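Colleague:
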Amino acid sequence: QGTYSHAYTERMRAFSTYARLLLSSENVYATNIADSAHKDIVELVDQLVQIDRLPTSNPLEGLRLLQAAWTDHDAATMLARRYKLVCKLLFALQLLLAFIIVVLATMSDLPPLESGNETDSSGD
Numbered sequence: 007q008g009t010y011s012h013a014y015t016e017r018m019r020a021f022s023t024y025a026r027l028l029l030s031s032e033n034v035y036a037t038n039i040a041d042s043a044h045k046d047i048v049e050l051v052d053q054l055v056q057i058d059r060l061p062t063s064n065p066l067e068g069l070r071l072l073q074a075a076w077t078d079h080d081a082a083t084m085l086a087r088r089y090k091l092v093c094k095l096l097f098a099l100q101l102l103l104a105f106i107i108v109v110l111a112t113m114s115d116l117p118p119l120e121s122g123n124e125t126d127s128s129g130d
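Next up, the structure:
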């Protein structure tokens with residue numbers, strides 16, 4: 007009872023149903039490549055891959071909507087560039103501050119420097 011077919015029976019039935027539904031659709035075509043010389047197949051392929059499916063004209067509302075979309079895109083791109091620059095500058099500032107903190111912390115742990123020239127200042 008613990009076999010593959012028992013565990014996945016429901017999924018296999020669903021897949022079978024989906025595949026049957028897809029392949030029986032009126033929008034699915036099948037042919038043998040060796041038969042591609044037949045005129046009917048060539049005409050069918052030409053009909054399916056029409057390039058001139060674009061509308062002959064565009065309504066004014068659609069053009070205005072497209073213009074507004076590109077305006078929004080341009081504004082978003084400009085803001086993204088600005089925010090990217092600000093983030094890079096802030097990151098550079100963060101690195102500089104971290105470097106300064108490390109240098110100051112290291113210097114504060116060093117013992118005080120003693121003068122190497124211990125000469126008597128009395129001039130004897």
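Numbering (the numbering used here), first residue to last: 7 to 130.
Ideal placement from N, C-alpha and C gives every residue a C-beta, glycine not left out.
Every value quoted in this text rests on a predicted model; they were computed, and no experiment measured them.
1) Taking the alpha helix (DSSP H) that histidine 79 belongs to, which residues open and close that run?
2) Does the separation of the CB atoms of threonine 37 and isoleucine 47 fall below 7 Å?
3) Looking only at its chain, what residues have a beta carbon closer than 7 Å to the beta carbon of glutamate 67, apart from the 5 residues adjacent to it on each side?
4) Under three-state DSSP, which class holds glutamate 120?
5) Candidates Asn33, Asn64, Leu60: which alpha carbon is nearest valine 51's?
6) Does DSSP classify threonine 37 as helix, strand or coil?
7) Ignore the nearest five residues each way along the sequence and tell me which others in alanine 82's own chain have a CB closer than 6 Å to its CB.
8) Specify, as a first and last residue, the run of the alpha helix (DSSP H) that glutamate 6 falls within.
Modeller: In short, the structure shows the following:
1) 66 to 115
2) yes
3) none
4) coil
5) Asn33
6) coil
7) none
8) Outside the shown range of the chain, which is 7 to 130, sits residue 6, and nothing can be said about it.
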